[in-house]
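**Q** Take a look at the following structure, please.
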Amino acid sequence: MTRHHPDSVSLMEYAAGNLSEPHALCIKLHLDKCPLCRSRVDTLNSLGAVMMEQQPKVSMSNDMFDSILSKIDDETAITDEPEIAPAPRVNPLQKLLGENLASLPWKRQLGDVSVLDITDRFPGQKEQVVLQKLAAGGKAPAHTHRGEETTIVLQGAFADQKGVFNQWDFVVLTDKDEHKPVAVGCEDCITLSVLSAPVKLTGTFTRMLNPFIR
Ligand SMILES: [Zn+2]
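Right under this line is the structure:
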């Protein structure tokens with residue numbers, strides 16, 4: 056069950072076609088599985104249409120706009136999970152990778168962590184795009200993020216001090232967030248992350264790992 060959703064600004068940028076290809080993929084993967092966010096996108100689109108229609112007669116102040124966005128976000132927080140909608144036609148990730156996640160050429164990084172850099176599947180994009188796999192029950196070393204990292208859980212679940220993130224949950228981490236994720240459940244946890252800058256390790260393995268983290 057999806058409990059962690061993209062914020063309204065990201066959804067609006069997605070709907071407007073302003074996101075980079077890897078960011079849009081993260082949102083699309085989430086939307087395919089989250090009827091709640093699909094309805095938020097509809098609401099935002101209607102709002103956008105109204106604003107376009109009324110321009111330049113009425114201009115909405117930034118405060119008013121922010122309050123509408125936060126209202127939409129609040130509704131996300133309190134609404135019960137709606138019924139699961141029919142599954143999407145083609146999984147965009149499978150279309151991109153063309154194979155089973157388990158059979159990808161994973162690179163073992165340290166202990167329980169494996170990574171696969173798929174940046175080259177997005178030619179012309181500035182961000183680094185990586186798949187990360189944390190073995191079932193495994194722990195990742197403590198780290199912060201130098202820039203912004205947008206992550207969606209593709210399989211399994213992980214937990215950190217902010218909570219448990221299940222399949223199709225969406226999380227954005229910044230340089231303010233130091234965390235030490237642990238894979239929970241009996242499956243390997245596989246995530247897709249779009250990084251605007253490389254992660255910075257803060258724990259004892261820093262020196263050992265840094266050559267592998269660009
Ligand atoms: Zn959602």
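One gets our numbering by counting positions in the sequence shown from 1 and adding 55 to each.
Backbone N, C-alpha and C fix where the C-beta goes; we use that ideal spot for every residue, glycine too.
For Val-185, which residues in the same chain have their Cβ closer than 6 Å to its Cβ, ignoring the five residues on either side in sequence?
**A** To locate residue 185, count along the sequence shown from 1; it is residue 130. Around Val-185: Val-170, Asp-172 and Ser-248.
**Q** Nearest by alpha-carbon distance to Pro-90: which of Met-107, Pro-61 and Lys-181 is it?
**A** In the sequence shown, counting from the first residue as 1, residue 90 sits at position 35. Closest option to Pro-90, Cα to Cα, is Pro-61.
**Q** Pull up the CB-CB distance for Ala-190 and Ala-238, whole angstroms please, since I reckon it's below 8 Å.
**A** As a working mapping, residue 190 is identified with position 135 in the sequence shown. As a working mapping, residue 238 is identified with position 183 in the sequence shown. That pair is a contact at about 6 Å.
**Q** Just the Cα atoms here: how many angstroms apart are Gly-119 and Gly-218?
**A** Your numbering for residue 119 matches position 64 in the sequence shown. Your numbering for residue 218 matches position 163 in the sequence shown. Before going on, a small fix: residue 119 reads as Met here, not Gly. Approximately 31 Å, taken between the alpha carbons.
**Q** Is the separation between the beta-carbon of Ser-65 and that of Lys-181 shorter than 9 Å?
**A** As a first step, residue 65 is located in the sequence shown; it is residue number 10 there, counting from the start. As a first step, residue 181 is located in the sequence shown; it is residue number 126 there, counting from the start. Contact flag unset, no.
**Q** Closer than 8 Å by C-beta to Arg-163: which residues in its own chain qualify, once you throw out the five before and the five after it? Chain order, please.
**A** Your numbering for residue 163 matches position 108 in the sequence shown. Cβ neighbours of Arg-163 beyond the five flanking positions: Ser-169.
**Q** Cα-Cα, which of Asp-129, Leu-250, Leu-86 and Ser-116 is closest to Tyr-69?
**A** Start at 1 with the first residue of the sequence shown, and residue 69 comes out as number 14. Nearest C-alpha to Tyr-69: Leu-86.
**Q** Any chance the CB of Pro-178 is under 8 Å from a heavy atom of ligand 1?
**A** Here the question's residue 178 lines up with position 123 in the sequence shown. No.
**Q** Nearest to His-200 by alpha carbon, out of Glu-233, Gly-179, Asp-215 and Thr-174?
**A** The count along the sequence shown starts at 1 and reaches residue 200 at position 145. Closest in alpha carbon position to His-200, among Glu-233, Gly-179, Asp-215 and Thr-174, is Glu-233.
**Q** Whole angstroms is fine: what's the gap from Ala-79's alpha carbon to Gly-166's?
**A** Position 24 of the sequence shown, counted from the first residue, corresponds to residue 79. Position 111 of the sequence shown, counted from the first residue, corresponds to residue 166. Between Ala-79 and Gly-166, the C-alpha separation is close to 31 Å.
**Q** Where does the unbroken alpha helix (DSSP H) through Ser-169 begin, and where does it stop?
**A** For the purposes of this step, residue 169 is identified with residue 114 of the sequence shown, where counting begins at 1. No alpha helix (DSSP H) holds Ser-169; the beta strand (DSSP E) holding it covers 168-172.
**Q** Compute the distance between the beta-carbons of Cys-244 and Gln-210, then report whether it is under 9 Å.
**A** The count along the sequence shown starts at 1 and reaches residue 244 at position 189. The count along the sequence shown starts at 1 and reaches residue 210 at position 155. Yes. Within cutoff.
**Q** With a threshold of 6 Å on Cβ separation, who are the neighbours of Pro-236 within its own chain once the five nearest residues in sequence on each side are excluded?
**A** Within the sequence shown, numbered from 1, the residue matching residue 236 stands at position 181. Counting only Cβ-Cβ distances below 6 Å, and skipping sequence neighbours, we find Ala-195, Phe-213 and Asp-215.
**Q** Quick check on the burial criterion: 16 or more other C-beta atoms within 10 angstroms. Buried or exposed for Met-67?
**A** For the purposes of this step, residue 67 is identified with residue 12 of the sequence shown, where counting begins at 1. Met-67 should be labelled buried.
**Q** Grab me the residues of Lys-88's own chain with a C-beta within less than 7 Å of its C-beta, minus the 5 sequence neighbours each way, in chain order.
**A** What you label residue 88 is simply residue 33 of the sequence shown in a count that begins at 1. Thr-57 and Trp-223, listed in sequence order.
**Q** Compare the C-alpha of Asp-175 against each of Lys-188, His-198, Leu-151 and Gly-193 and name the closest.
**A** What you label residue 175 is simply residue 120 of the sequence shown in a count that begins at 1. When only C-alpha atoms are compared, the closest one is Leu-151.
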